[in-house]
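Residue numbers (our numbering), protein chains in the order written: chain A, 5 to 163; chain B, 5 to 157.
What follows is the structure, encoded as structure tokens:
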């Protein structure tokens, strides 16, 4: 997949997580192409967008990392995970990351991408599937746990 | 929420399920919830951007999902919800919502839909939107299909 479409999301993720929660991403893998499917770590946020092309960003956190993010953001000592407000935090982070990256892409390539509201889900043995998309996965590591980014697009940039 | 925006979705569910040969479609219970908590095994959803902004989710049990996938694939048996049938179910959401978008266009409401996503898992707790959600359950011969509509209007 076109790296011009992927890089903004990866950079925004690292930057926004650092800015908002003070958590540093210590390791980041190269983007690996995948099918439309993803087996999730446990706390997963999905945001989709449409413009001249359509796409989707999934950020999937290990529960420990998600809890640390919520803790840092909300100042709660022992945040419950299955709570609307706490999970909403994770969705909001995804919203900000995708918004940031999309603004960059829109300005640069005039894609006119608009975000649909983010959703977030937690549970066991989760599997996310999509149809007709091409996706890449990037694995990331922090001192509190791992996360995965999955970036998918239908269509691409004109060369 | 305005019925003008909701009806196109309900009409689309009805007509697309009929096209796939699903029998006995009845519009059942309607509920409004402040948050979207999903208790079904399989959820597939599509985002909406444009004049309206929101998400629409379609939820069913694993059994119903298998039967729906089979109906979509010309009656091919679906013993397991594998990659192929998962993609079929995601596509179902895409087709229904796409149809709803063209119904809305007839009402001069311009919307675009985003790629469908499907989630399966255990003990799922999901927050789909921070706005009010309208839930309409369709009873069909293949089992109930819950349609969750949340629009920021």
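Note that beta-carbon positions come from the ideal geometry of N, C-alpha and C, so glycine has one too. On a predicted model such as this, the values are computed, not experimentally measured, just so you know.
Return the CA-CA distance between residue 118 of chain B and residue 43 of chain B, expressed in angstroms with no decimal places.
Within the second chain, the letter at position 114 stands for residue 118 of chain B. Within the second chain, the letter at position 39 stands for residue 43 of chain B. Between residue 118 of chain B and residue 43 of chain B, the C-alpha separation is close to 24 Å.
Which stretch, first to last residue, makes up the beta strand (DSSP E) that contains residue 139 of chain B?
As a first step, residue 139 of chain B must be located in the second chain, where it is residue number 135. 137-143 is the span of the beta strand (DSSP E), which, as asked, contains residue 139 of chain B.
From A:12, A:112, A:70, A:6, residue whose alpha carbon lies closest to that of residue 145 of chain A
Counting from one through the first chain, the residue named residue 145 of chain A turns up at place 141. Of the listed residues, the one whose Cα sits closest to residue 145 of chain A is A:70.
Please name the residues in the region 55-72 of chain A whose beta-carbon is closer than 9 Å to at least one beta-carbon of chain B, in chain order.
55, 58, 59, 60, 62
For the region 103-137 of chain B, which residues have a beta carbon sitting closer than 7 Å to at least one beta carbon of chain A?
116, 117, 118, 119, 120, 121, 122, 123, 124, 125, 126, 127, 128, 129, 130, 131, 132, 133, 134
With respect to the beta strand (DSSP E) encompassing residue 131 of chain B, which residues constitute its N-terminal and C-terminal limits?
Here residue 131 of chain B refers to the residue found at position 127 of the second chain. Here the beta strand (DSSP E) through residue 131 of chain B covers 121-131.
Looking at residue 57 of chain B and residue 120 of chain A, is the spacing between their C-beta atoms short of 8 Å?
To locate residue 120 of chain A, count along the first chain from 1; it is residue 116. To locate residue 57 of chain B, count along the second chain from 1; it is residue 53. Yes, they are a contact pair.
May I ask you to verify whether the region 6-23 of chain B touches the region 101-109 of chain B, counting CB pairs closer than 8 Å and requiring at least 3?
yes
Alpha carbon to alpha carbon, how far is residue 41 of chain A from residue 112 of chain A? Give it in angstroms, no decimals.
As a first step, residue 112 of chain A is located in the first chain; it is residue number 108 there, counting from the start. As a first step, residue 41 of chain A is located in the first chain; it is residue number 37 there, counting from the start. If you take the alpha carbons of residue 112 of chain A and residue 41 of chain A, they lie about 29 Å apart.
Is residue 75 of chain B closer than 8 Å to residue 4 of chain B when the C-beta atoms are compared?
This structure cannot settle anything about residue 4 of chain B, because the visible part of chain B is limited to 5 through 157.
For residue 123 of chain A, verify whether its CB is less than 7 Å away from any heavy atom of the ligand MG.
Among the components of this structure there are no ligands whatsoever, and the ligand MG is therefore not found.
Top-ranked residue by Cα proximity to residue 106 of chain A, from A:5, A:26, A:51, A:35:
Here residue 106 of chain A refers to the residue found at position 102 when the first chain is read from its first residue. Ranking A:5, A:26, A:51, A:35 by Cα distance to residue 106 of chain A puts A:51 first.
Measuring CA to CA, which of A:25, A:101, A:47, A:59 is closest to residue 77 of chain A?
Taking the first chain and counting its residues from 1, one reaches residue 77 of chain A at position 73. The shortest C-alpha separation from residue 77 of chain A is found at A:25.
Does residue 6 of chain B have its Cβ less than 8 Å from a Cβ in chain A?
By one-based count along the second chain, residue 6 of chain B stands at place 2. Closer than 8 Å: no.
Under 8 Å (Cβ pairs) to chain B, residues found in the region 124-138 of chain A:
124, 125, 126, 127, 128, 129, 130, 131, 132, 133, 134, 135, 136, 137
8 Å Cβ cutoff, residue 107 of chain A in contact with chain B
As a first step, residue 107 of chain A must be located in the first chain, where it is residue number 103. Chain B, which has no Cβ nearer than 8 Å to the Cβ of residue 107 of chain A, makes this no.
Would DSSP call residue 78 of chain A helix, strand or coil?
In the first chain, the residue the question calls residue 78 of chain A occupies position 74. Of the three classes helix, strand and coil, the one that applies to residue 78 of chain A here is helix, per DSSP.
Exposed or buried, residue 38 of chain B, counting other C-beta atoms within 10 Å across all chains shown (16 or more means buried)?
One-based indexing of the second chain puts residue 38 of chain B at position 34. Under this definition residue 38 of chain B is an exposed residue.
Applying a beta-carbon distance threshold of less than 8 Å, which residues of chain B neighbour residue 84 of chain A?
The residue labelled residue 84 of chain A in the question sits at position 80 within the first chain. The contacting residues do not exist; residue 84 of chain A stays about 11 Å from chain B at best.
Backbone CA spacing between residue 18 of chain A and residue 157 of chain A [nearest angstrom]:
Reading the first chain from its first residue, position 14 is the one you call residue 18 of chain A. Reading the first chain from its first residue, position 153 is the one you call residue 157 of chain A. Roughly 20 Å separates the two Cα atoms.
Within 10 Å of its beta-carbon, does residue 64 of chain A have 16 or more other beta-carbons around it, so buried, or fewer, so exposed?
The residue you call residue 64 of chain A lines up with position 60 of the first chain. When all chains shown are included, residue 64 of chain A counts as buried.
Identify every residue that forms a DSSP beta bridge with residue 154 of chain A.
Position 150 of the first chain, counted from the start, is the residue given in the question as residue 154 of chain A. Note: residue 154 of chain A sits in a beta bridge opposite A:62, A:141.
Residues that residue 94 of chain B contacts on chain A, provided the C-beta gap is smaller than 7 Å:
The sequence position of residue 94 of chain B within the second chain is 90, counting from 1. By Cβ distance, chain A contributes 133, 134, 135.
Given 8 Å as the limit, is there contact between the region 74-89 of chain A and the region 81-91 of chain B, that is, 3 or more CB pairs closer than that?
no
Determine the chain B residues that contact residue 118 of chain A at a beta-carbon separation under 7 Å, and present them in chain order.
Start at 1 with the first residue of the first chain, and residue 118 of chain A comes out as number 114. Simply 53.
Could you tell me the alpha carbon to alpha carbon distance between residue 160 of chain A and residue 53 of chain A, rounded to whole angstroms?
As a first step, residue 160 of chain A must be located in the first chain, where it is residue number 156. As a first step, residue 53 of chain A must be located in the first chain, where it is residue number 49. Cα to Cα, the separation comes out at about 14 Å.
Would you say residue 52 of chain A reaches chain B, if we count a Cβ-Cβ gap shorter than 8 Å as a contact?
One-based indexing of the first chain puts residue 52 of chain A at position 48. For residue 52 of chain A, the answer is yes, since a Cβ of chain B falls inside 8 Å of its Cβ.
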